[in-house]
Structure formats: structure tokens, C-alpha cells
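Protein chains in written order, with full-length UniProt numbering: chain A, 1 to 147; chain B, 1 to 147; chain C, 1 to 147; chain D, 1 to 147; chain E, 1 to 147; chain F, 1 to 147; chain G, 1 to 147; chain H, 1 to 147; chain I, 1 to 147; chain J, 1 to 147. In this text, a Cβ means the ideal position worked out from N, Cα and C, and glycines have one as well.
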């Protein structure tokens, strides 16, 4: 059994049980963003979390073990994503890449926004002209160390 | 003269005049995010904006004309960005790609977050453990049309 | 079971039953273009549509469930398509890419033709010198938002 | 002087003269789609057309000669286009590639829609919910020859 | 069952029956070039042809059905072929690409040699210094349509 | 001066002098196919040939020297050609690659058609349904040596 | 059964029987270089050779048949090899590519070293500072044909 | 001035002076293989060697300095070489890659043939059936260190 | 059974037995770095080592045999790694590549740090501001041989 | 003037002045590793440092300004480096990638070694069997944040 097999099992079990990712996140006890990423093979669950979701989704014992192992991350099949929803984020990097670099540099100096000490919140923002997807990304600024 | 030449001119003029992107944005009259993207060759300025920034940065007339033309967008030299700051955003798509798909789908149904009817706000969030980069992205949800 | 398995099942069932994509589209109740794309794993069916086509093609219950889930889109095995029919469309983008950009820009300003609020109609146009394929694409113009 | 230099000259001359692609097409005497593609280095002008546009845009004699030479076609800098407007067309091929194959095959049999005996018409379709870009593509169906 | 499975079946059946591609072509009733391409998954057989070869090679009924469906074409596993025999043809395009463009252009004007209204004949040409492979390709010239 | 510069010079001189590739080939004294390839930077001219064409096209002495040096071959800017005329040949390899392998193997055994001991003839074949491009390729069969 | 399956069978049988590639080459009756390449799916065995090695390694009859078929060549999983031993040869081409071109050209004129009429000998050269791998490659020089 | 400029100067000077790479190697005092690689930007010359060749080819002082700097190695413009002579070596790695791995492993154990403690000799081997290119490569075997 | 299957078996057995890579390394009798690389399919074990780990992890006999065979090295699924931990090392090469070249060259002259006569030590360095990963790499300097 | 131009100027000035990277580092007042990376366009100098090195290497004022701007990082021309010295580091990631992942994960849990809060020390380690390059990398461990 490999981690991808566990991901498939989770998706099938969720379909069968007719629950949402938000439901699963409550079982895990963390945000829907982090929990979904974990279930889709990008984060590690601790024993309590893995057992809780294992019971909730009736996963086999080996799958529960695998959820506690550090996965080789990367959720997409191609370097440039083909799916329109995912591609739009790639496009934003293409269009705004130098802008992100310029403005974060202007505000903070040379460094990066951490993708590790990071959190994300995906929300619906009601709007009469059509509801909007609002995404708040928060990452610690890490300055390049001088030595 | 090509648009890339104008971008280089702007960067050189900004260096010489010792102003910030935020200063330039004020001259243009829009957010620092949109204005910087425009100055870096990704958005179109209208005549008033182009003339204002042209005067502010002492750009030649042809450059001011070019700022009013629709550019061929894409600001990065490689499909997978090499710069660490920009790469972190690419990495987020890789790690969270299927999560974004799952959660936006769960909340909104099949569709995308628009990268066109879109705005972004980059802010410093003070934090005793180290200040954070906060980025708020807001894009209109566009459902796939059924026909 | 994965969505690709459902696509294979549908193709096999359609072969066995000796029906056309147009027949399937009637069962689904939408255009042949949208319905075929849905059956080939690119669009989501609602419950009524999924059950109707499931019955028509004798698909198993899990396949009917899967047809109601949002698929990871992208129907082609390579970034540059090898099939001559599909390649011709890629070639048109290569040859006419800057022309599309120039003329849509001239008419509408900076923005895009939506590929989401989009419809397509593929028709035979009789012609004494050889019938023609006529394709009408209609996408909402979306101007880049200024902010 | 190379064809790309002529394309740049044309764009600069058009900017200076403040004319549209549609104006240029009238000078050439063909549709705006074909004429723009020709001016952007993808089609060949005959002597009359080249001289007319050369005079209209004040191009040097060598440029007028070059407009009558067959260009090496392909207008985009990368295999997967980065510009959002152009990318949407690439995305449509990705999403609808197998659908185009299935439906043209169902209607015509094995063959292709010609990208050579081809014409295209780009139009604005007024719509109270937002105007639409309508594109009509017409290509002769060419069946694979059996021998 | 997929078309690739049928191709494998055909190769195995041909090996077992110890027949040649030329033998198969006679059964199909067309040239060895077209018939082999069809059997290797690149062309469509009609019902008579499919049944004849199905009987000759003892293929199962579903395979005979599949031979009558339009395949997604492209017979090679990589964009640049690794096999020396196939690579030599790729090399010829690399070395003679601009020459083909120049000479066909000089003789016919702007257009292409059709790869659809196309036939090919592969022959042995006896030669005292070593026999030669002679390949005659014949494709209809298609001029770019002006519109 | 580099070989690419010489190629550009030749193309410009040919344009100015209003001669054809066939004219140039006569000056060189070889087929139009080989001669054009040589002038486009893919073959080596001997001193007599280089001087003859140098005089005919009024090339500078250094260019005449360079025409006698062995060039680094490869005439196309991308691995998969974007130009429609050249792409059709790439497509033929994709569609017929395994067929070429099968039929040359059946006739000759394991080996290749030489792309070095090779000649090519490009001809117009008049046809009431539209003239055809006929290409005869002839390459020595080279069997894999056993040792 | 496919040729790759036969290669796997051979490797497993060789492991089980605890024999060397040199042993297998003796059974085949050719050099260890050619014979190993053949067993690894890159060359064709004749009937006698295939039967001999089939008996020696207890291969099934179908595998013995497959060893007599011309394989689609290419033994590596990526265009740039990841294995350090194989990569060193790729590196040599990168570093010495233009040198090989210059010196073979200087000695022989324009042409290639055949990779078909080719033999290779891999030997240990004892050396007090550490034994060396000596590889002798011998390929017929093939001059580009003038025509 | 960059190292590539020096390489171009050397090639031009060699052409003008009508000398061979072998002549240059004598001036440098090393083998023609190593010396040519050095002159083509892949190896470092010491001061004596650089001055000697600088005088011989009348190179400017800065070029002589640059010849003594360690170059960023890699002499080819693409990962898969397009030039037929160079490609044949790439093809040999593709065809014989797993064979080289198997036989060097069988003789020496796990390790590599060094491409650094390496020498190469390119020779003409007269042969009545056509002269052959003989290449002797000699590299120290380096076993993977266990620790 | 292939080497990748053995790697999977080892990971599953380690999970089941709840042991660490450090535990496995003790069984093998070498450093945790080398031993883990060997168990993950990148190094060769000798018979004693293979039998010891085979017994410890209850591997089947064929797996123990395979651990003694030289593997085709390369542990990553893509040329640019997607996993954040692994990518950081790739990023370091991108950012510091020319620096490594400059400083090793300045200290040692033209050559490389061997990746074969190489050892690595990964350690935790306690630090009040957050513990650090310390990696010591040691590779023999190998000067380019002059010949 | 662009940052790459400054890098070229620095390399030329260093050559002319005959100083080492270590000398330049002393002028800057930091380690040779960080200072060289900064001079090669990968790190930012503060005003004092930039002026000091500007004076030391006689750089023009604009170059001194540019050294204080945040560069777009990435020092290598290709995704897989061709230079043997740099490639060895890429190879180490390929061979040891999963090992680094396994051992850092075992010691620290899920997270990364920072490439930003990072330092590196390159040293010569004398060794009777041949001196060694020792590289000590030290990066803060950053655990994936749970949220």
C-alpha cells in the first residue's frame, strides 16, 4: 500500500459516506484547508488524528499508519497544471510574479514568504455581482541570513 | 522600442529618482499591487495614468504610448520559477493544488476563481514571533456554464 | 474506481449499445458539445443527468456517483497534442495567437474571452467543394479589473 | 532585416499613425483576421497588398519585399502560452480536445478540420449580461485518404 | 479493452501465425503502408476489413469493433524518438526542415503538403553498393486560403 | 561572423537579386535539394562551389570561407516545429513511426535507412484534383553490425 | 508479453542461475557488448542464438520468439540519464561534443561516425594508481553524400 | 568579453591563419583532443599555454587572460544534440546505456568511469570497406565509497 | 520482482516493525546516510549486509538477492523535485551554483568534488532560536586530467 | 544596465585587478560564500558594502546602486546543470533525495531545512589520498505549521 492508495481510499470513503471535507476537518480538529491537504497526501496526521479519521471513514489499519508517515509532497500530475481552477493560480504567479517580488521586497527587504510557517483560509465573500472566492495566505517573512 | 524596454526604463528611472513602487502607485491612482503589475508590463494604463507616470519618471513619449498598449502577459523567464520568493508561490500550488480544487468545489460547485475579475492585497502583519506577509486574493467565482 | 475508469466504461458501453454521442446528449438533455465533454470527464453532471445516462448505458452505481463529482480537467496525454485533428487546433493558436490578442484587444480592450462562461457549437456546413467543419465559440468578454 | 524586424516596424508604425488593425485590413483588402495575421508575420502578402500597406505605414522597401516572402510560422514564444487571453484557447483544447475528436469523428468520419483551407471571424456579440466574443472557425473537412 | 490492447493482440497474433505485414495488408485489401498503420492503431478499418483481419488473426469480437473506431493518433512514446531507425526521419526534418520550406514554397507558394490526403510507398531499391530504402511520399499541396 | 550570419546574408542577397533556389543550385552544380540545404547552413561547399555562389550572390570573402566549414547542423528553432509545412513532416513520423519501423524491418531486417548516404527529390505532380507534392527519399539501408 | 517483459525475465533468470553477462555472451557466440545489448532489448538474435540463450536461461517459448523480433530501441527512462555511471557518458558528449565535431571533421571531412556499423569493446586496464575502464569505439566513417 | 567571445575569436583566427586544431595542439603542447576542448571553452590553459596560443593566433591580451579562467562547461546548445555527428554519440548512450552499466558493473562493481580523470584518443583506422573512426576512452574506475 | 518493489517492501516492513532508519543502519553496520540510501535503492549491499537486513525486516530471498545487485540510480520522480524539503537542496544549487564553482575553483583549480568518493553526515545542531539541520558533505577533489 | 551586466563587470574587474573572491569578501566584511554569492547576483549588499566593493573594483555608480537592489535569483542557465562541478551537486540530490527526506524526517518530523536561514562553509580538508572538498551546510529546521 502506498500513500496514493490511501488518498484514493479516502476519496472513495468520503463519497460513500456522503460527507464533506469540512466534516472530515472537524473530525481531525483542524482547519478545513490543512486537514484536506493532509487527507490528500500533503501533510502528516498525528496518531490521534489518524485514528479519528480512520474510524470516521472506516479506513484499514495500514492506511491509518500511512497517514502518520511524512509524504513526498506534490499533488499535481504536470508542472504546468491543466485543470482550469488550478491553472488560474499558476497564471497569477506568471502575471504577478515580479510584482510579488517587488512589493514584498520593498516592504520587508530580501527574503521570502514562508510556505512552511504558513496558513491559508478559503472563504466565500457574498457579492451582489456574483460571490467571490477570498483566499487569505499568511506566511512568516524570512529574511535571507547574512553570514 | 518594446514593452520590455519600457519596463527596464521604469526600473532605472525609479532607481535614479529613489522612489518606491508605492509612490508610483499614488501617481497612477490605484493600488500598489495593480500599479506595480502595470509598470512591470502586465496591465494597461489609460492615457491619464500613463502621462502621469511618464512625467513622474521622465519617460520618453514613445514609452508613454507603449504603456497604453495591451501587453503580452507573463513576467517570468522560466515555467518553474527559480527565484526563491516566487518559487514559494509555485510550491503552494503544487502542495495545495488539489486542496484548492476540493474546497472551492465543495463551497461553490464546478468553476474557477477568476484571475481577471481579481484583486490582491499584500500586507505586513506584525507578529512578535516574526512579522508575516499576508496576501488577500479575491476573485469572482465563475461557474462552468451548462449549455 | 477513478473518473478515468468511468470514461472508459462509457466508451465501451456506447460501443456495445451502438449509440452516438448525440444520442447520449439527448438523454442528458443538453447540447452534444457539453454533454460529450461531461461524459469524457471534463464537466459535472447533476444527479438527474447522471442517473439518466447511467441507466441508458447501464453504468454501475459508483460510476453514476462519480459523474456527479468535479473532475480534474485536462483530456490530453501530452502538452502538444500528437493527434492530427486535435493538433490543428493547437496550430491555429500558434499561428493566430497574436492575431487573437490584437483583434480582441482592439475591439474590447484588455481582457480575455472566458473559457468558463463559454459555449461551443460544432456543425457541418455543406459545400460543393467539400463540406466544412464550422465551429462557433462564444465566450463572455472579461475585462481585467482595475483596483 | 528579418521578418520579426518587419513585424516590430509595423507595430511601431501603426502606433505612431494611430490606426487600427481593421484600418490596415482595409488597405490590404481582406478580412481583419487574415490581414492582421499577415502583418504579424504569419501569412504572405502579394505585391499589390505589400506595396499598399508599405505606403500606408511608410515601411522601407526591404520590409515591403519581406512581406512577400513566405514566413516561418508560429507567433508565440512558448509551447504553452503564458498570456491569459491566448492561454484560454489552449485551455479549450485541453478541456475539449477529446470532445472535438469525438464529435467531428461522429459527423464526418476519420479526418481533420483543415487549418489551411480555413477562415475565422471574430465578432462582438452584444449581451445584456456582458458582451461576448464570438469566434466562427470554418475549415474544410479532410478525410484521411485510404490507399 | 483499449486500442493499445488491440495493437498488442495483433502483434502477438501475427507472431504466432508467422505472417508478415504484407500478408495482413492483402487480407485488408490495401497497401502495406496504410494497412500496417491501421493495424498499429493509426487508421480506421471499415467493417469488412476489420472482420477479415479479425478472422485472419483470430481476434476477439470487441477487438474487431475497436478497429472500426477512430483512434487517438500518435505511435511514438517520446517527442524526440529514441529508436535509431525512427530518429533518422526526425533528423531529416531537423536538417532539411528549412530546405523543404524553401523549395515547396518556391514551387507552390505558401501552403503545406497534406499529411491527410497523403500516401506513402516504401520500396527496396537494389544497388550494388548496398541496397537502398526508397520512400515516395505524395501529399496534395494545400495553399493557405486567403479570406 | 558566424554561419547563421552567412545564411542571413544569402537570403538577403537572393531577395535582392531576385533569383530562386533553383538558380543558386545551378551555380553550385548540384541538385536543388542539396544545394539549398548547403546554403541554409546544413552542408559544406567545396572551394569551387563556395566561390561560384559567393560571386553570384556578391558575398564577402569571409562568408565564402565559412561556406567551406562544416556547420553544426539543425535548422529548426524548436524540437517540435511550429511551422505548419514543417510540422506535417513531424506528424508523419508520429503517425507512421511504428509503420516505418515494421515495414523496413520486414523487408531488410534490423537496421536503418541512412540519413547520410541519402538523397531527396521534391517534385510537383500535376493532378486534376489539385497538384501534389511528391518527395522521393532514398537512403542506403545500413544493417546493425553484429560483433 | 512484450519485449520489456522478456528483458525482466532474462535479468531474473540470470540472477537465479548466478551467471554473468559474459557467460550469456558465450552461449550466444558473440562479444559481451553486443550480446548484453541484445539481451537488454536493443539488438535482434537469430533463431539459433535465441534458442540457445532460451535453453540456457530456461525462457518460455514466446520469449524466445520475441528475442528474434526487432525491438524499438532506447534503454533509458529519461532523456538526460540520472544514473551516475550512465550520466558520465552524457557529460562527455556535453563537454567534448564540439571537440568530436571539430576533430572528426578535420580528419575525415563532413560526415558521421556510424552508430550502426559500429562495435565497442569495454576492458579493464590495470593501473597502479587505480584500474581504468577502457572503451574502444569503432564506427565506420560515413561522409554526407553530395547529390 | 566572455569566454564564448574568445571561442569565436579562436575559430575566426584559425580560419584566417588556415591552421588545423592539430597545429594548435602542438603549440599548446598537449593532445589534439584535450587542446581542442580547451580552445573550445571546456578546459583551462595555464599561463604558458595561453600565451603561446595567444601569440600563435594573435589573440588580444584579455582573451589570453580568459583562457586561464575556469569555464562553465557544456558545449552544446540543446539537451538532445541536433547535429547528426554529435547525436550518434547520444544515440549510443541511449542504445548501450544499460549495457555499459551491466558490463562495467560486472567487471568492477558499483561505481563509475571517471569523466575527469579521463583521456580520449580519436583516430582514423584505415579499412578497405571504408575507413573507420576509432575512439579510445580511458577513465579511472571510481568505486562508490562505503561509509 | 524489481528493485523498486524491494524498496516498497522495505518501507512497509520498517513501518510494521516500527523501527527507524538508524536501527536499520546498525544492522547493516554503516552510517545511517549510506545505509538508508542503500535501502532506498541507491547503493549496493554485500551478501552479509543484505542477509542481515533481510532477516531483520523479514524480506523474501529474492529481495535479499536484489539488494546485492547494482541499481539504476536516481531516487526522484521529476527533474525538478516537487517536495519542499528536497526542493530546498535544488534551490541551493540554483542560487549557489556559480558560487560553488567560483570558490572550489579558486581553492583547488579546475575539477570537481567527487560524488562517488563522497560521504555525508546529517546532524541536529541544537540552537535556542530553533534547532538546525547540519549537513557535512565531504568529497575528494578530482582535478581535470591534462593529457 | 541590468544586474547581469554588473556581474560581468565584477568578473572583468576582478580579473584585471588579479584579486580573489576571498579578497573581495574581506572588503565586504562577510564570509567568502555569502559575499561571492552576492557579487554573482544572488544576494543584496547594503550601502556600505556596495560602496566598499565598488571602490575596490572601480565599479561605476549605477552598478553600486544595482548591488543594493534585490536580484531575481537563480544563477544557472539550464534546469539540469551541464557543468560537471555543478552537476555533481544535482546528482547528489538525485541519488540522496529520498535519503535526505527520510533522515531529516526521522530526526525532526515533517518540515524542511531552510535555504534562507542558511549558511554554508566550503573548506579544503587535507588528505594523503587526495585533498577533499568539505562543505558544511547549516539551515534552520522549519516544521510545517499545523493550523
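From residue i to residue j, what does the alpha carbon distance come to, in whole angstroms?
| i | j | result |
| --- | --- | --- |
| residue 35/J | residue 146/A | 9 Å |
| residue 17/A | residue 25/A | 15 Å |
| residue 67/A | residue 48/A | 11 Å |
| residue 74/I | residue 60/J | 46 Å |
| residue 37/B | residue 81/B | 17 Å |
| residue 65/D | residue 99/C | 22 Å |
| residue 108/C | residue 20/A | 41 Å |
| residue 101/A | residue 78/F | 31 Å |
| residue 15/E | residue 105/H | 35 Å |
| residue 10/C | residue 46/C | 17 Å |
| residue 138/C | residue 54/E | 44 Å |
| residue 103/I | residue 51/H | 25 Å |
| residue 120/D | residue 89/D | 14 Å |
| residue 136/I | residue 96/B | 32 Å |
| residue 76/H | residue 85/J | 17 Å |
| residue 62/I | residue 1/I | 8 Å |
| residue 144/B | residue 39/A | 26 Å |
For residue i, count the other beta carbons within 10 Å of its own beta carbon; 16 or more makes it buried, fewer makes it exposed. Which is it?
| i | result |
| --- | --- |
| residue 125/A | exposed |
| residue 5/I | exposed |
| residue 94/A | buried |
| residue 29/E | exposed |
| residue 7/B | buried |
| residue 83/B | buried |
| residue 91/A | buried |
Starting from the C-beta of residue i, find all residues in its chain whose C-beta is less than 6 Å away, skip the five residues before and the five after it, and write them out in chain order.
| i | result |
| --- | --- |
| residue 71/E | 3 and 41 |
| residue 123/H | 134 |
| residue 44/F | 70 |
| residue 118/J | 139 |
Closer than 7 Å by C-beta to residue i: which residues in its own chain qualify, once you throw out the five before and the five after it? Chain order, please.
| i | result |
| --- | --- |
| residue 142/I | 111, 112 and 114 |
| residue 58/F | 13 |
| residue 87/G | 81 |
| residue 27/J | 52, 53 and 56 |
| residue 127/I | none |
Excluding five sequence neighbours on each side, which residues of the same chain lie with their C-beta closer than 8 Å to the C-beta of residue i?
| i | result |
| --- | --- |
| residue 22/J | 32 |
Tell me which residues of the region 34-45 of chain D have at least one Cβ-Cβ distance to chain E shorter than 8 Å, keeping chain order.
34, 43 and 44
Below 8 Å, how does it come out for the region 114-134 of chain I and the region 101-113 of chain J: are there three or more Cβ pairs, yes or no?
yes
Please name the residues in the region 120-142 of chain G whose beta-carbon is closer than 9 Å to at least one beta-carbon of chain H, in chain order.
120, 122, 123, 124, 125, 127, 129, 130, 131, 132, 133, 134, 135, 136, 137, 138, 139, 140, 141 and 142
Please list the residues of the region 75-88 of chain H that have a C-beta atom closer than 8 Å to any C-beta atom in chain E, keeping them in chain order.
80, 82, 84 and 87
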